[in-house]
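**Student:**
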Amino acid sequence: MLDVLRPGVLDGLTVCVVGDGSAERERAVALGARVVTIDGELADEDAVALAVGALGDIDVLVVDAASAFAQAGGGMPGLRVAVDDAWNVVRAVATASWIPAEGEDPKSGGGKVILVAPIDAAGEHASAVGAALENAARTLSVEWSRFGIRTTAIRPREGAATDERAELVAFLASPAGDYFTGCSFYPGGPLPGA
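Numbered continuously in our numbering, the sequence shown closes out at residue 198.
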């Protein structure tokens, strides 16, 4: 991927990273992107919409649901926080940056959503978070295709290194990632049972 992910490949793009995603932030900056984040209570839909509106246009949204799952302590609380917060942010960014309001001219170019799940071994219901994000990526890729919005999910395996995940996020954010939507990626090893 070194040829594809050359310095400057993300020049001119605004990448919003939600959650920890420190490796993803660093890699996007190294490739030329302007990186922003959304702070605050992600469960508050109105606050998220205000925060997103203040950021201006976003080209790529990276949601690190793995960190939200971990911070909530895993289990059912982690499942709810990871999935609900991810949806609140995705909807706010899509409506602010990519989906025109009724009567508005279509916005050009669309955008990309990259949903990052926890590894299945992160605790009870971690695999359910991954399945929910994978399903969201597939469903939204169909529902929002008319707006040029491409959605993908990353479901790292237990052997996935942080830099491997960051490299995959950078690839999907780059022009090479324009060819993927509704897909799930499994860095770090084969699928269970494969």
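All residues carry an ideal CB built from backbone N, CA and C; glycine is no exception. From a predicted model like this one, the values you see are computed outputs, not experimental measurements.
Identify the continuous beta strand (DSSP E) that holds ALA76 and give its terminal residues.
**Tutor:** Run containing ALA76: none; DSSP gives neither H nor E here.
**Student:** For a minimum of 4 consecutive residues, which ranges assigned as the alpha helix (DSSP H) are wholly contained in the stretch 18-95?
**Tutor:** Within the stretch 18-95, the complete alpha helix (DSSP H) runs of at least 4 residues are 26-34, 49-59, 69-75.
**Student:** For the stretch 60-73 and the stretch 83-97, state whether three or more C-beta atom pairs, one from each stretch, are separated by less than 8 Å.
**Tutor:** Yes, the stretch 60-73 is in contact with the stretch 83-97.
**Student:** Would you report the Cα separation of ALA140 and GLY193, rounded to the nearest angstrom?
**Tutor:** The alpha-carbon atoms of ALA140 and GLY193 are separated by roughly 23 Å.
**Student:** Near GLY163, what residues of its chain come up, given a Cβ to Cβ distance below 8 Å and the 5 sequence neighbours on each side ignored?
**Tutor:** Same-chain partners within the cutoff: GLY192, GLY193.
**Student:** Should GLY78 be labelled buried (16 or more other beta-carbon atoms within 10 Å of its own) or exposed?
**Tutor:** Answer is buried; the Cβ neighbour count reaches 16.
**Student:** For ARG142, which option in VAL40, PHE189, PRO81, ASP43 has the closest C-alpha, if you only look at C-alpha atoms?
**Tutor:** Of the candidates VAL40, PHE189, PRO81, ASP43, the one whose C-alpha sits nearest the C-alpha of ARG142 is PHE189.
**Student:** What does the alpha-carbon distance come out to for the pair ALA53 and ALA100?
**Tutor:** Near 8 Å, if we compare the C-alpha coordinates of ALA100 and ALA53.
**Student:** Any idea if ARG150 is buried or exposed, counting beta-carbon neighbours within 10 angstroms, 16 or more meaning buried?
**Tutor:** Exposed, since its Cβ has fewer than 16 Cβ neighbours within 10 Å.
**Student:** Given a cut-off of 8 Å on the beta-carbon distance, is the pair GLY115 and ASP63 in contact?
**Tutor:** Contact flag set, yes.
**Student:** ALA132 lies in the beta strand (DSSP E); which residues open and close that run?
**Tutor:** Not the beta strand (DSSP E): ALA132 falls in the alpha helix (DSSP H), residues 130-147.
**Student:** Use the C-beta contact count for SER26: other C-beta atoms within 10 angstroms, 16 or more gives buried, fewer gives exposed.
**Tutor:** Label assigned to SER26: exposed.
**Student:** Using alpha carbons as the reference points, say which of ALA170, GLY186, ARG154, ARG161 lies closest to PRO179.
**Tutor:** Cα-wise, what sits closest to PRO179 is ARG154.
**Student:** Is GLY12 helix, strand or coil by DSSP?
**Tutor:** Coil at GLY12, not helix or strand.
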